[in-house]
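Q:
In this note's numbering, the protein residues as written are 318 to 412.
(1) For residue 398, count neighbouring C-beta atoms within 10 Å of its own C-beta (all shown protein chains included) and say buried if the count is 16 or more, exposed if not.
(2) Anyone know if the C-beta pair for residue 371 and residue 391 falls short of 8 Å?
(3) Using a Cβ-Cβ cut-off of 6 Å (strictly less than) and excluding sequence neighbours within five positions of residue 394, which residues of its own chain qualify?
(4) Which same chain residues end up closer than 8 Å to residue 334 when comparing Cβ atoms and leaving out the 5 residues on each side of it in sequence?
(5) Helix, strand or coil for residue 367 per DSSP?
(6) Following the continuous beta strand (DSSP E) through residue 330, name the residue where it begins and the one where it ends.
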């Protein structure tokens with residue numbers, strides 16, 4: 318690994334941190350551009366499949382126009398063990 322530093326004359330130079338090697342860079346720009354690949358985004362809550370085979374409970378929807386009185390729910394431990402589980406609700410649509 319080479320480090321970029323200023324030498325005694327004020328010019329940029331490449332120097333090795335383990336040995337006395339130095340290379341003076343005169344009149345050239347030093348840059349390196351590297352395109353990093355993007356990682357795939359994981360659905361933390363399991364996506365659409367997370368709501369399959371979940372339990373139901375009696376819960377009134379906060380939207381007045383909805384009028385449903387049942388909701389699917391599942392619990393997930395998001396925080397540390399000394400915190401309670403987080404409960405997620407989804408309205409049961411009855412057609």
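Beta carbons: idealized from backbone N, C-alpha and C, even for Gly. Remember, it's a predicted structure, so these values are computed and weren't measured experimentally.
A: Checking against the coordinates, here is how it stands:
(1) exposed
(2) yes
(3) 402
(4) 318 and 320
(5) helix
(6) 329 to 332
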